[in-house]
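Before any comments, here is the structure.
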């Protein structure tokens, strides 16, 4: 994992192979090979590669960065986006005019792309942080919110309200995101789907496949073999 750092220019990070995670004060983004992550200029962050990962970074000039979100975001990486990033970060030596054209097309393509819900927000309230620590350590834990609250000394109603007001989702939606994040990393390490499903809290693979496909946009099997979704 890299240390916490900033850049003077906003940048895009893409995993040509493997999985990346990008952590900022807003939370952690998981970036599999069909996604691309945006981090604005001067936004403190750290990258981490999971498995055999080929990380590519593209810095954007301020004139184009202004067209991107003012916060970290994850986008679907189209075939065009992928090819432009690989070209800009490959061995071919583009002149300045060619690079500028590619940057413009890349930003235009991303502005047409949909943002993806693969960023796990970081809790700020101490009670939510305590719940988060328990689930980060054991994503398969199926303990109810009421029982988790009892363990940390907080009521279920209070915790439920905090999840809504601070993180913008229910406890169960947030726990599913934690599990899918963990699943992406296990799949990148080569684990089979049944093992990943059980390790992430699903009693059978079918429920896991449904949840994974809803969030990631492709099935675990297609993701694991590097195939694009239909």
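Numbering (this note's numbering), first residue to last: 1060 to 1289.
All C-beta atoms in this analysis are idealised placements derived from N, C-alpha and C, irrespective of residue type, glycine included.
Because the structure is a prediction, the values reported are computed rather than measured.
Where does residue 1062 sit, in a helix, a strand or coil, going by DSSP?
coil
Check for me: the alpha helix (DSSP H) holding residue 1267 runs from which residue to which?
For residue 1267, the enclosing alpha helix (DSSP H) starts and ends at 1264 to 1275.
Leaving aside the five residues before and after residue 1191 along the sequence, list all residues of the same chain whose C-beta is less than 6 Å from its C-beta, in chain order.
Excluding its 5 nearest sequence neighbours in each direction, residue 1191 has C-beta neighbours in its own chain below 6 Å: 1182, listed in chain order.
Which residues does DSSP pair with residue 1097 in a beta bridge?
1071 and 1132
If we call anything under 8 Å between Cβ atoms a contact, is residue 1136 one with residue 1201?
no
Examine the Cβ distances between the region 1093 to 1110 and the region 1195 to 1212 and report whether three or more of them are shorter than 8 Å.
no
Of the choices 1103, 1139, 1076 and 1196, whose alpha-carbon is the least far from that of residue 1171?
1139
For residue 1208, report the span of its alpha helix (DSSP H) as first-last.
1204 to 1211
Skipping 5 residues on each side, what residues in its chain have a beta carbon closer than 8 Å to that of residue 1184?
1221 and 1225
Any idea if residue 1266 is buried or exposed, counting beta-carbon neighbours within 10 angstroms, 16 or more meaning buried?
exposed
Which runs of the beta strand (DSSP E), 3 residues or longer, sit entirely within the region 1157 to 1236?
Here the runs fully enclosed are 1178 to 1180.
In the structure shown, what three-state DSSP assignment does residue 1138 receive?
helix
Apart from the five residues just before and just after residue 1141, which ones in its own chain have a Cβ nearer than 7 Å to its Cβ?
Contacts found: none.
Relative to the C-alpha of residue 1071, which residue among 1126, 1065, 1163 and 1099 is closest?
Nearest C-alpha to residue 1071: 1099.
Out of curiosity, what's the CA-to-CA distance linking residue 1080 and residue 1274?
Rounded to whole angstroms, the separation of the alpha carbons of residue 1274 and residue 1080 is 16 Å.
Classify residue 1088: buried if its beta carbon has 16 or more other beta carbons within 10 angstroms, exposed otherwise.
buried
Enumerate in chain order the residues of its own chain whose CB-to-CB distance from residue 1074 is below 7 Å, with the five nearest sequence positions on each side excluded.
1090, 1091, 1092, 1112, 1113 and 1114
How many angstroms separate the CA atom of residue 1259 from the CA atom of residue 1248?
14 Å
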